[in-house]
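*Asks:* Residues 2 to 343 in our numbering are what the sequence shown spells out, letter by letter.
Sharing a structure here in structure tokens format.
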Amino acid sequence: MPKTITDQNLRLLIDALVAEGKRVVGPRAAGTMTLYAPLAKGEELNLGELPRRSAKETFFPLCETILTYERDKEGVRVTDVDPGTIPGTVLVAARPCDVAAAPVLDSVFSWDFKDEFFLERRRKTTIIGLACTRADDACFCTAVGLSPNDTKGSDLFLTPLTDGGYRCDAITEKGEALLATHASLFAEGDGTPAPLAEPSLGKLDLDRIKAWLDTHFEDPLWGEIAERCAGCGACAFLCPACHCFDIVDEGGETKGTRRKSWDACGFGKFTNHASGHNPRDVQPQRYRNRIMHKFKYYVDKFDQRLCTGCGRCIRACPVGIDIAEILSAIGTRDQEPGTGKD
Ligand code: SF4
Ligand code: SF4
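Structure (structure tokens):
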């Protein structure tokens, strides 16, 4: 039997979770924008708009220390940061396009090397997803096989109701447990759902796009679409599914830290070798990698796509590069193998 929760009780739930010592992350006003950020109380929850940055930071922070080192007369001491110290977290009111990226990221972070920082955060986080009732021109979740009420990745899922409350569906045992622990805040019933958002780009032929990418590593298209790319990395940093990072030592001879920090394949030096050789030395090659990684390489390796149609890269690109337009164009191109140079 589904349950419902009023908006006021949703905020009380956040207060209760904070009082239990949980880290609670959700959409919060930050200056002129909304960001997923730690909430100190339920009143801070701001559900007006899609947060500017994705929710991936809940599992994969922009920058994190993985060890510290110290050197003195007695030698060098290295201290690993213990992922076990990562606190229990509840991610509240995360949009389906953000939440659906979490199981996609699981594949790469648990593949040949187990990234315990990412995996421990995933284990310790309960995700409360929230259906969307508004889409803007950049949203295209429906075109990549998702929907404004997709529950993929959520533990508990909220659907806005016409009376301002939410229907709550437990999707996993974690979601069941959260409902059971805070049962007094929920009521029995399912209410009347508010109309869902309707992204304007309905469908993309993803199989046809993949077939074209399989045979067009070299094609004039890459130059045409990417010569104006400024290599700023905004698209990758805002994307819920981009996950490249760099590891750097910061500090001096006697002490310092080793940090894991976001990186982006759009940056000129991303593939720069110690020898000075750069296998992707021009921007079209870098942008090609962005599309290939999302819609070919990751599909080949994990049978998943690195795009949930959130539209963030479209909204943020300073030169107006629109990944949905590019995919639509690829979907209509001749399937003959490419012969042009990139
Ligand atoms: S590639 Fe763009 S639209 Fe797709 S998930 Fe990433 S930011 Fe969103
Ligand atoms: S946001 Fe636009 S300009 Fe910046 S790297 Fe991405 S595609 Fe290039």
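Idealized CB from N, CA, C, for every residue including glycine.
Every value quoted in this text rests on a predicted model; they were computed, and no experiment measured them.
What do you reckon, is the C-beta of ILE87 under 8 Å from a heavy atom of ligand 2?
*Replies:* No; taking the cut-off as 8 Å, the Cβ of ILE87 has no heavy atom of ligand 2 nearer than that.
*Asks:* May I have the straight-line CA-CA distance separating LYS74 from THR255, to the nearest angstrom?
*Replies:* Roughly 10 Å between the two C-alpha positions.
*Asks:* ALA325: beta carbon under 8 Å from a heavy atom of ligand 2?
*Replies:* False, no ligand heavy atom lies under 8 Å from that Cβ.
*Asks:* Only counting runs of 3 or more residues, tell me where the beta strand (DSSP E) segments fall wholly within the region 208-264, in order along the chain.
*Replies:* Entirely contained in the region 208-264, the beta strand (DSSP E) runs reaching 3 residues are, in chain order, 246-252 and 256-263.
*Asks:* Beta strand (DSSP E) containing TYR70: first to last residue?
*Replies:* It spans 64-73 - the beta strand (DSSP E) in which TYR70 sits, taken as one unbroken run.
*Asks:* Entirely within the region 74-145 and at least 3 residues each: give me those beta strand (DSSP E) ranges in chain order.
*Replies:* Those beta strand (DSSP E) runs which fall completely within the region 74-145 and span 3+ residues are 76-81, 90-95 and 126-131.
*Asks:* Write down the C-beta distance between LYS23 and VAL91 rounded to the nearest angstrom, noting that I regard them as a contact closer than 8 Å.
*Replies:* LYS23 to VAL91, Cβ: 5 Å. Contact.
*Asks:* Could you work out which residue in PHE238, GLU225 and ARG260 is closest to ALA330 when comparing CA atoms only?
*Replies:* The shortest Cα separation from ALA330 among PHE238, GLU225 and ARG260 belongs to GLU225.
*Asks:* Does the distance between the C-beta of PRO241 and the nearest non-hydrogen atom of ligand 2 fall short of 8 Å?
*Replies:* Because no heavy atom of ligand 2 lies under 8 Å away, the Cβ of PRO241 does not count as near it: no.
*Asks:* Starting from CYS318, follow the alpha helix (DSSP H) in both directions and report where the run begins and ends.
*Replies:* No alpha helix (DSSP H) holds CYS318; DSSP gives it neither H nor E.
*Asks:* Just the C-alpha distance for THR5 and THR80, rounded to the nearest angstrom, thanks.
*Replies:* Spanning the two alpha carbons is a distance of roughly 47 Å.
*Asks:* Check the DSSP bridge columns for ASP170 and list the partner residues they point to.
*Replies:* Bridge partners of ASP170: PHE158.
*Asks:* Under a three-way DSSP split, which group does ARG289 fall into?
*Replies:* Three-state result, ARG289: helix.
*Asks:* Would you give the residue range spanned by the alpha helix (DSSP H) that TYR298 belongs to?
*Replies:* From DSSP, TYR298 is part of no alpha helix (DSSP H); its letter is neither H nor E.
*Asks:* Enumerate in chain order the residues of its own chain whose CB-to-CB distance from ASP107 is below 6 Å, with the five nearest sequence positions on each side excluded.
*Replies:* There are no such residues.
*Asks:* Go ahead and label GLN336 buried or exposed: buried means 16 or more other beta carbons lie within 10 angstroms of its beta carbon, across all protein chains shown.
*Replies:* Under this definition GLN336 is an exposed residue.
*Asks:* With DSSP as the reference, please indicate the residues paired to PRO39 in a beta bridge.
*Replies:* Per DSSP, VAL26.
*Asks:* Please tell me whether, using a cut-off of 8 Å, the distance from the CB of PHE141 to the nearest non-hydrogen atom of ligand 1 is below it.
*Replies:* Yes.
*Asks:* Beta-carbon within less than 7 Å of ASP343's beta-carbon, same chain only, minus the 5 sequence neighbours each way: which residues are those?
*Replies:* Caution applies to ASP343, whose pLDDT of 46 falls short of 50 and renders its modelled position unreliable; the value that the coordinates give is listed next. Taken in chain order, the residues that qualify are GLU219, ASP220, TRP223, GLY224, PRO285, GLN286 and ARG289.
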